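Undergrad: Take this structure, written in structure tokens, and hold onto it; I'll ask about it next.
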Amino acid sequence: MTSVTFTAADSATMLRRNLKHQLRYPSLTLMLAGLPIVFLLLFVYVFGGQLGSGLGGNGAPHGDRSAYLTYVVPGILIVTVASAALGTAISVASDMTEGIIDRFRTMAITRAAVLTGHVVGSLLQTLVVLVLVTAVALALGFRPTANALEWLAAAGVLLLFAFALIWLSAALGLAAKSVETASNTPMFLTLLPFLSSGFVPTDTMPAGLRQFAAYQPFTPVTQTVRGLLAGGPVGTHAAAAVAWSLGITLASYLWALHLYNHRRAADPK
Amino acid sequence: MTISPTAPAVSTRALRKSFGEHVVLDDVDLTVAQGTVFSLLGPNGAGKTTMVRILSTLIPADAGECRVGGHDVAADPDAVRALIGVTGQFSAVDNFLTGAENLRLMADLRHLGRDAGRRRIAELLERFDLTDAASKPLPTYSGGMRRRLDLAMTLVGNPAVIFLDEPTTGLDPRSRRTMWQIIRELVHDGVTIFLTTQYLEEADQLADRIAVLDQGRIVAEGTPAELKRRIPGGHIQLQFAGPHALSAAAGLLPGASPDSDQLTLQVPADGSVASLRRVLDELDHACVDVEQLSIHTPDLDDVFFAVTGHTTTGSTVRQEEEALQR
Chain A
1 MTSVTFTAAD SATMLRRNLK HQLRYPSLTL MLAGLPIVFL LLFVYVFGGQ
51 LGSGLGGNGA PHGDRSAYLT YVVPGILIVT VASAALGTAI SVASDMTEGI
101 IDRFRTMAIT RAAVLTGHVV GSLLQTLVVL VLVTAVALAL GFRPTANALE
151 WLAAAGVLLL FAFALIWLSA ALGLAAKSVE TASNTPMFLT LLPFLSSGFV
201 PTDTMPAGLR QFAAYQPFTP VTQTVRGLLA GGPVGTHAAA AVAWSLGITL
251 ASYLWALHLY NHRRAADPK
Chain B
270 MTISPTAPAV STRALRKSFG EHVVLDDVDL TVAQGTVFSL LGPNGAGKTT
320 MVRILSTLIP ADAGECRVGG HDVAADPDAV RALIGVTGQF SAVDNFLTGA
370 ENLRLMADLR HLGRDAGRRR IAELLERFDL TDAASKPLPT YSGGMRRRLD
420 LAMTLVGNPA VIFLDEPTTG LDPRSRRTMW QIIRELVHDG VTIFLTTQYL
470 EEADQLADRI AVLDQGRIVA EGTPAELKRR IPGGHIQLQF AGPHALSAAA
520 GLLPGASPDS DQLTLQVPAD GSVASLRRVL DELDHACVDV EQLSIHTPDL
570 DDVFFAVTGH TTTGSTVRQE EEALQR
């Protein structure tokens, strides 16, 4: 076998390991799905009536709770992606405290395989959680206009962005000194969707915040998904969404790999 | 990956390692011949684990040369990794998987292939008496079972050189015996073993050669017999009620050294029942009453005292003092 097939085989082995962990302890997956579902119910049923009546202009539908449901689902899907990425930091950080990581480091295994296993495992986990959240949205009456191709494109954009945030979260998990820190540092990822066009249009925000919201990466991703699912402009948003995703992925991947390779082995007692 | 038949299994030359100001390994030279058991003996904090971590490519040395199977550890770590297996005192198992799944993970990472992997796993489960527990989750395993699984995982890839870092620390006596038996079988199969331990008895039982490590330096090296020749043998310590009994007993037992302050008498003995009976018969015959009796067999402390002039606890205390001063 060549080194490329070894890399693929080792990464697949590590992926199987992570999926077994997820299946054996499904509580983390359920917790990751719980947060966006609670947000969805909260925003639609508590704030939705009021927020819906404020929607209008810029091609957004006008009016009521169901209009707000249509508006907010893409934002909720982005929260889903961000919250699922949190799980990566926690699982990477807790894995690094296990003795088996030192064993891996004494074996002739592709260096990145441990991380690749975590990242691809988290990506599949995110996909499952996205399907769950979408199912709840549909049950609440979300009726997107998208055709099959647009659904696929929306899923592609979400997963590409998820891939970027998961690598970032993996790096944050490696950089954290403890599992507790690892569960806190990526929290800003779940906050950023609120400072974007996810929950209310950015032009209702005060100057300063409005510019930040318009240019931070969560907004183009949200707008792309919204455009694909509910109709609306996609073009430049999609380009920005893809560019942000690839940029964050590359930088985070290099950072994570550096941290893993230079991580000091756990101190002997 | 194989070892060239002429290369030593492990060798280090002028190996140095410090953590900050604290020198952990200070000019260590070692050579371990293929197919032998080499034991690095020393108290906690002597640098044993650091040595294993450097040789197993986990941390770099500051200076000096290390080779495993002829491959330079720093320049060609992957060649070294392909040859070695490591089992430490801290368990290196995946707690979220079952015993069989842990072994499967190792078989996959060693690229054994499906059928060869399955055969190897069944064989190791059988050999380490884990077949019944194979599909149970790890939190249900006892300490001894975990250690056996840990070693079984190390063996999946048939490593030529195995590092065992205090493999029996924390195990009950029975599990310790089992572990020793397993290690003997491995040597029989031609594997080279680099064993660290703080028990003289363990090194004595298993090793072909022993090196005594103290504060990062090798202070003595040789076969177990050579080392034991350097330490005062065991003795029987007798405690008496008064000076008369003490001097009477000292007169009866030639070679005994009395301590008139403590009212004790140290009688050289090899620890056998026969030698003990001889001493007691002698005293009985002369109607000398003994208050208390204790049997002392040579241990790591005696080796230490003989080769360094201080005890193991003394060195630990000194290190702690040094640490406090920093």
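In order, the protein sequences belong to chains A and B.
Under our numbering, the letters of the first sequence match residues 1 to 269, in that order.
Under our numbering, the letters of the second sequence match residues 270 to 595, in that order.
The beta-carbon is built from N, C-alpha and C at its ideal position, and this holds for glycine as well.
Keep in mind it's a predicted model, so treat the numbers as computed, not measured.
1. Give, in chain order, every residue of the stretch 322 to 334 of chain B whose Cβ lies closer than 7 Å to some Cβ of chain A.
2. Could one say the Cβ of F6(A) lies closer than 8 Å to chain B's Cβ atoms, at least one of them?
3. I want to see whether chain B comes within less than 8 Å of Y25(A), judged by CB atoms only; does it?
4. If we count the other Cβ atoms within 10 Å of its Cβ and call it buried at 16 or more, is L246(A) buried or exposed?
5. Which of helix, strand or coil does DSSP assign to S563(B)?
6. Taking a contact to mean a Cβ-Cβ separation below 8 Å, would you say Q358(B) touches T438(B) in this structure?
7. Assuming E395(B) is part of the alpha helix (DSSP H), what are its boundary residues?
8. Helix, strand or coil: how does DSSP classify E490(B) here?
9. Chain B partners of G99(A), CB-CB under 8 Å?
10. What residues in the stretch 188 to 217 of chain A have a beta carbon less than 9 Å from any beta carbon of chain B?
11. Using the beta-carbon of each residue, which ones in chain B are nearer than 7 Å to M107(A)?
12. Residues bridged to T465(B) by DSSP?
13. Any beta carbon from chain B within less than 8 Å of M1(A)'s own beta carbon?
14. Measure from the C-beta of S177(A) to each C-beta in chain B and report whether the shortest distance is under 8 Å.
15. According to the neighbour-count rule (16 or more other Cβ atoms, all chains shown, within 10 Å of its Cβ), is L378(B) buried or exposed?
16. Helix or strand or just coil, what does DSSP make of A238(A)?
17. With distances taken Cα to Cα, identify the nearest neighbour of A89(A) among S252(A), N261(A) and G99(A).
18. My output table needs one value for G524(B): the three-state DSSP class, helix, strand or coil.
19. Mind checking which residues open and close the alpha helix (DSSP H) that includes A155(A)?
20. Could you check if G208(A) is buried or exposed, using at least 16 other CB atoms within 10 Å of its CB as the buried criterion?
21. In terms of residues, what are the limits of the beta strand (DSSP E) holding L294(B)?
22. Buried or exposed for I564(B), going by 16 or more other Cβ atoms inside 10 Å?
23. What does F365(B) touch in chain A if you count any residue whose Cβ is under 8 Å from its own?
24. Do L420(B) and I451(B) come within 8 Å of each other at the CB atom, strictly closer than that value?
TA: Judging by the given coordinates:
1. R322, S325, T326, L327 and I328
2. Taking the first residue of the first sequence as position 1, residue 6(A) is located at position 6. Answer yes: the Cβ-Cβ gap between F6(A) and chain B drops below 8 Å somewhere.
3. Stepping through the first sequence from its first residue, residue 25(A) is reached at position 25. So, interface residue.
4. Here residue 246(A) refers to the residue found at position 246 of the first sequence. So L246(A) counts as exposed.
5. Against the second sequence, residue 563(B) aligns to sequence position 294. It is a strand residue.
6. The sequence position of residue 358(B) within the second sequence is 89, counting from 1. The sequence position of residue 438(B) within the second sequence is 169, counting from 1. Taking 8 Å as the Cβ cut-off, Q358(B) and T438(B) qualify as a contacting pair.
7. Within the second sequence, residue 395(B) is the residue found at index 126, counting from 1. Segment R383 to R396, the alpha helix (DSSP H) holding E395(B).
8. Residue 490(B) sits at position 221 when you count from the first residue of the second sequence. Three-state DSSP puts E490(B) in a strand.
9. For this step, residue 99(A) is matched to residue 99 along the first sequence. Result: G357, F359, S360, A361 and V362.
10. none
11. In the first sequence, counting from the first residue as 1, residue 107(A) sits at position 107. Here the neighbours are R350 and L378.
12. Counted from its first residue, the second sequence places residue 465(B) at position 196. In DSSP, T465(B) forms a bridge with L309(B) and D434(B).
13. Indexing the first sequence from 1 puts residue 1(A) at position 1. Caution applies to M1(A), whose pLDDT of 49 falls short of 50 and renders its modelled position unreliable; the value that the coordinates give is listed next. By this cut-off, M1(A) is an interface position.
14. The residue you call residue 177(A) lines up with position 177 of the first sequence. In the sequence as presented, Ser is not what sits at residue 177(A); that position holds Lys. Answer no: the Cβ-Cβ gap between K177(A) and chain B never drops below 8 Å.
15. For the purposes of this step, residue 378(B) is taken as the residue at position 109 of the second sequence. By the 10 Å Cβ count, L378(B) comes out buried.
16. The sequence position of residue 238(A) within the first sequence is 238, counting from 1. Here A238(A) sits in helix by DSSP.
17. Position 89 of the first sequence, counted from the first residue, corresponds to residue 89(A). Looking at the Cα atoms, S252(A) is the closest of the given residues.
18. Numbered from its first residue, the second sequence carries residue 524(B) at position 255. It is coil, neither helix nor strand.
19. On the first sequence, residue 155(A) is found 155 positions in, with the first residue counted as 1. Note, A155(A): alpha helix (DSSP H), A148 to A175.
20. Position 208 of the first sequence, counted from the first residue, corresponds to residue 208(A). Under this definition G208(A) is an exposed residue.
21. Within the second sequence, the letter at position 25 stands for residue 294(B). Unbroken beta strand (DSSP E) run through L294(B): H291 to V301.
22. As a first step, residue 564(B) is located in the second sequence; it is residue number 295 there, counting from the start. I564(B) should be labelled exposed.
23. Within the second sequence, the letter at position 96 stands for residue 365(B). What F365(B) touches in chain A: K20, H21, R24 and Y25.
24. Along the second sequence, read from residue 1 onward, the residue named residue 451(B) stands at position 182. Along the second sequence, read from residue 1 onward, the residue named residue 420(B) stands at position 151. Yes, the pair counts as a contact, with Cβ atoms nearer than the cut-off.
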